[in-house]
Amino acid sequence: MIWLVMIVCGLLTLSMRFVMFSDLAPRQLPGWLEEALGLVPVAVLTAIIVPAVIISPEGGLILAGNSKLPAALVAVTAALVTRSVLATIASGLGSMWVLEYFLY
Amino acid sequence: MNTSATSRHDEFWAGVRAELPLQLGVAPFGLVFGVLGLASGLSAWETILMSSIVFGGASQVVFAQLWGGGVPAPVVGASVSVINLRHVLYSASVAPYLRSLPLRWRVPLAYLLTDEAYAVTINRLRDEPPSPNQHYHLLGTGMTLWICWQVTTVMGVVFGATIPESWSLGFAIPLTFIALVAPAIRRRADLAACLTAGTIAVVGQPLPWKGWIILAAVGGILAGWLVHRHDRRRTAS
Numbered sequence: 388m389i390w391l392v393m394i395v396c397g398l399l400t401l402s403m404r405f406v407m408f409s410d411l412a413p414r415q416l417p418g419w420l421e422e423a424l425g426l427v428p429v430a431v432l433t434a435i436i437v438p439a440v441i442i443s444p445e446g447g448l449i450l451a452g453n454s455k456l457p458a459a460l461v462a463v464t465a466a467l468v469t470r471s472v473l474a475t476i477a478s479g480l481g482s483m484w485v486l487e488y489f490l491y
Numbered sequence: 068m069n070t071s072a073t074s075r076h077d078e079f080w081a082g083v084r085a086e087l088p089l090q091l092g093v094a095p096f097g098l099v100f101g102v103l104g105l106a107s108g109l110s111a112w113e114t115i116l117m118s119s120i121v122f123g124g125a126s127q128v129v130f131a132q133l134w135g136g137g138v139p140a141p142v143v144g145a146s147v148s149v150i151n152l153r154h155v156l157y158s159a160s161v162a163p164y165l166r167s168l169p170l171r172w173r174v175p176l177a178y179l180l181t182d183e184a185y186a187v188t189i190n191r192l193r194d195e196p197p198s199p200n201q202h203y204h205l206l207g208t209g210m211t212l213w214i215c216w217q218v219t220t221v222m223g224v225v226f227g228a229t230i231p232e233s234w235s236l237g238f239a240i241p242l243t244f245i246a247l248v249a250p251a252i253r254r255r256a257d258l259a260a261c262l263t264a265g266t267i268a269v270v271g272q273p274l275p276w277k278g279w280i281i282l283a284a285v286g287g288i289l290a291g292w293l294v295h296r297h298d299r300r301r302t303a304s
């Protein structure tokens, strides 16, 4: 079953990458659609980031004593300053480990 | 049109060279996906082959987490689709340069059209003189990323079991996304999309089947789009 779902997801992904290469595709996307698609990464990724930082595996909100929250804020700063994926991951993981070790 | 006949070889290797530095971001993500796939309850083969069947980092992470959480298949498919919708934009942007190629080229190049390959190749297509062999550039960037993604996924699967749980390496996934999202918030519309999606993702937690992923994504896109329309009308008037 998982293989079937995986293959369908793969075909869906491929077709979204291919769609405008098709002979039947319009030359250009309509403006409103282009604007909406431009917002997909920010919306989708934020929807994954926020729960990964402040929601427990059981689905509850965790703010107090949560080392991931300050670590994520450090990472946001690092991302804005350095624009480097590696520096962002390193600063976020590093500050989480430091906080876990000394504070919590 | 001013065409300069660059060779296939030069285009391909220019793509490979330009793509290599970005692997600093791709490699840790691949490793973490390998680790996370197993942690979510997928088998080693399921995790490894997903990297070539789906071949889209964020959507693979969500697939593994949803599948591991017992979410029904249609919701998994819909979530993966929403996440990968952005590729339609890349497809539209690259299409004018590739549309004349035969299908046996267009299909594999579409398969290789990931965020990082697009980001590099579009610069070459836009800024440098057209060449009949320019599609080899995308082949170069795409294959570089593909190989890096497959190799690091396998490494993550192989070494994943030896990494202590207390390292919380899974946290590298939201951190990777922070690296992509934070610099991308430039306009009020982006901020609206971000805040709306984040809020829905939190308050939507009680929804069944992790439905908050789709709802937050669609809500964020809609909010950002409305703000964009509003702002543009104001600047126009």
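Chains as they are written, first to last, in this note's numbering: chain A, 388 to 491; chain B, 68 to 304. Using N, Cα and C, we set each Cβ at its ideal position, and we do this for glycine too.
1. Tell me whether the beta-carbon of Ile-442 (chain A) lies closer than 9 Å to the beta-carbon of Ile-435 (chain A).
2. Anything in the segment 139 to 154 of chain B with a Cβ closer than 8 Å to a Cβ of chain A? List those residues in chain order, please.
3. Run the CB neighbour count on Leu-89 (chain B), radius 10 Å, all protein chains shown included, and call it buried at 16 or more, exposed below.
4. Compile a chain-ordered list of the residues in the segment 242 to 253 of chain B whose CB is closer than 7 Å to at least one CB of chain A.
5. Looking only at C-alpha atoms, which of B:Asn-200, B:Pro-231, B:Arg-166 and B:Ser-233 sits nearest to Ala-412 (chain A)?
6. At a Cβ threshold of 9 Å, is Glu-113 (chain B) touching chain A?
7. Please list the terminal residues of the continuous alpha helix (DSSP H) segment that includes Phe-238 (chain B).
8. Counting only beta-carbon separations shorter than 9 Å, does Cys-215 (chain B) have a partner in chain A?
9. Using a threshold of 9 Å, state whether the C-beta atoms of Ala-283 (chain B) and Ala-264 (chain B) are closer than that.
10. Here's a check: name, in chain order, each residue in its chain whose Cβ is nearer than 8 Å to the Cβ of Leu-212 (chain B), leaving out the five neighbours to either side.
11. Since Pro-444 (chain A) contacts Arg-153 (chain B) with CB under 8 Å, what's their CB separation in whole angstroms?
12. Starting from Leu-91 (chain B), follow its DSSP beta bridges and name the residues at the other end.
13. Any idea if Leu-156 (chain B) is buried or exposed, counting beta-carbon neighbours within 10 angstroms, 16 or more meaning buried?
14. Restricting to runs no shorter than 4 residues, where is the alpha helix (DSSP H) found entirely within the segment 141 to 229 of chain B?
15. Return no unless some Cβ of chain A is closer than 9 Å to the Cβ of Pro-197 (chain B).
16. Gly-481 (chain A) versus chain B: which residues are under 9 Å apart at the beta carbon?
17. Let me know the secondary structure DSSP gives Leu-416 (chain A) once reduced to three states.
18. Who are the near neighbours of Val-395 (chain A) in its chain, counting only those whose CB is closer than 8 Å to its CB and skipping five residues on each side?
19. Would you say Ile-389 (chain A) lies against chain B (beta-carbon separation less than 9 Å)?
20. Does any C-beta atom of chain B lie closer than 9 Å to the C-beta of Leu-486 (chain A)?
21. Does Arg-404 (chain A) pass the burial test, meaning 16 or more other C-beta atoms within 10 Å, or should it be called exposed?
22. Which partner residues of Ile-442 (chain A) appear in the DSSP bridge assignment?
23. Can you list, in chain order, the residues of its chain whose CB lies under 6 Å from that of Ala-259 (chain B), leaving out five sequence neighbours each side?
24. Kindly indicate if chain A contains any beta-carbon less than 9 Å away from that of Pro-231 (chain B).
25. Hey, quick one: how far does the alpha helix (DSSP H) through Val-468 (chain A) stretch, first residue to last?
26. By DSSP, does Arg-84 (chain B) sit in helix, in strand, or in coil?
27. List, in chain order, every chain A residue whose beta-carbon is nearer than 7 Å to that of Gly-92 (chain B).
28. Exposed or buried, what is Glu-78 (chain B) when buried is set at 16 or more other beta-carbons lying within 10 Å of its beta-carbon?
29. Please name the residue, chosen from B:Gln-272, B:Ala-177 and B:Leu-105, that lies closest to Val-121 (chain B) on a Cα-to-Cα basis.
30. Need the endpoints of the alpha helix (DSSP H) that Phe-122 (chain B) sits in, please.
On the basis of the supplied data:
1. Locating residue 442 (chain A) in the first sequence gives position 55, where the first residue counts as 1. Locating residue 435 (chain A) in the first sequence gives position 48, where the first residue counts as 1. No, these two residues do not count as a Cβ contact at 9 Å.
2. Ala-140, Val-143, Gly-144, Val-147, Ser-148, Val-149, Ile-150, Asn-151, Leu-152, Arg-153 and His-154
3. In the second sequence, residue 89 (chain B) corresponds to position 22, counting from 1. Under this definition Leu-89 (chain B) is a buried residue.
4. Leu-242, Thr-243, Phe-244, Ile-245, Ala-246, Leu-247, Val-248, Ala-249, Pro-250, Ala-251 and Ile-252
5. On the first sequence, position 25 is the one that residue 412 (chain A) refers to. Nearest option by C-alpha distance: B:Arg-166.
6. Position 46 of the second sequence, counting from 1, holds the residue named residue 113 (chain B). Yes, Glu-113 (chain B) lies at the interface with chain A (some Cβ there is under 9 Å from its Cβ).
7. Numbered from its first residue, the second sequence carries residue 238 (chain B) at position 171. From DSSP, Phe-238 (chain B) is part of no alpha helix (DSSP H); its letter is neither H nor E.
8. Indexing the second sequence from 1 puts residue 215 (chain B) at position 148. False, the Cβ-Cβ gap to chain A never drops below 9 Å.
9. One-based indexing of the second sequence puts residue 283 (chain B) at position 216. One-based indexing of the second sequence puts residue 264 (chain B) at position 197. It is a contact, given that the beta carbons lie within the stated cut-off.
10. Taking the second sequence and counting its residues from 1, the one referred to as residue 212 (chain B) is at position 145. Glu-86, Leu-89, Gln-90, Val-93, Leu-179, Thr-181, Glu-183 and Ala-184, listed in sequence order.
11. Here residue 444 (chain A) is taken as the residue at index 57 of the first sequence, counted from 1. Here residue 153 (chain B) is taken as the residue at index 86 of the second sequence, counted from 1. About 28 Å separates the two Cβ atoms, so there is no contact after all.
12. For the purposes of this step, residue 91 (chain B) is taken as the residue at position 24 of the second sequence. Bridge partners of Leu-91 (chain B): none, in fact.
13. On the second sequence, position 89 is the one that residue 156 (chain B) refers to. Burial call: buried.
14. Fully enclosed alpha helix (DSSP H) runs of 4 or longer: 153 to 165, 170 to 178, 182 to 194 and 202 to 227.
15. Here residue 197 (chain B) refers to the residue found at position 130 of the second sequence. No, no contact with chain A.
16. Reading the first sequence from its first residue, position 94 is the one you call residue 481 (chain A). Residues of chain B passing the Cβ test: none, with the nearest at roughly 10 Å.
17. One-based indexing of the first sequence puts residue 416 (chain A) at position 29. Here Leu-416 (chain A) sits in coil by DSSP.
18. Indexing the first sequence from 1 puts residue 395 (chain A) at position 8. So the list is empty, once near-sequence residues are dropped.
19. Here residue 389 (chain A) corresponds to residue number 2 of the first sequence, with the count starting at 1. Yes, contact with chain B.
20. Within the first sequence, residue 486 (chain A) is the residue found at index 99, counting from 1. Residue-level contact check: Leu-486 (chain A) does not touch chain B, since none of the beta carbons of chain B fall below 9 Å from its beta carbon.
21. Mapped onto the first sequence, residue 404 (chain A) falls at position 17. Buried, since its Cβ has 16 or more Cβ neighbours within 10 Å.
22. Looking up residue 442 (chain A) in the first sequence gives position 55. According to DSSP, Ile-442 (chain A) bridges with A:Leu-448.
23. Sequence index remark: in the second sequence, residue 259 (chain B) carries index 192 (1-based). Only Ala-290, Gly-291 and Val-294 meet the Cβ criterion.
24. The residue given as residue 231 (chain B) occupies position 164 in the second sequence. No, no contact with chain A.
25. By one-based count along the first sequence, residue 468 (chain A) stands at place 81. Under the DSSP assignment, Val-468 (chain A) falls in the alpha helix (DSSP H) whose first and last residues are 455 to 469.
26. Mapped onto the second sequence, residue 84 (chain B) falls at position 17. Arg-84 (chain B): helix per DSSP, three-state reduction.
27. As a working note, residue 92 (chain B) is residue 25 in the second sequence. What Gly-92 (chain B) touches in chain A: Val-472 and Leu-473.
28. Along the second sequence, read from residue 1 onward, the residue named residue 78 (chain B) stands at position 11. By the 10 Å Cβ count, Glu-78 (chain B) comes out buried.
29. By 1-based counting over the second sequence, the position of residue 121 (chain B) is 54. The option with the nearest alpha carbon to Val-121 (chain B) is B:Ala-177.
30. As a first step, residue 122 (chain B) must be located in the second sequence, where it is residue number 55. Counting along the chain, Phe-122 (chain B) falls outside any alpha helix (DSSP H), and DSSP gives it neither H nor E.
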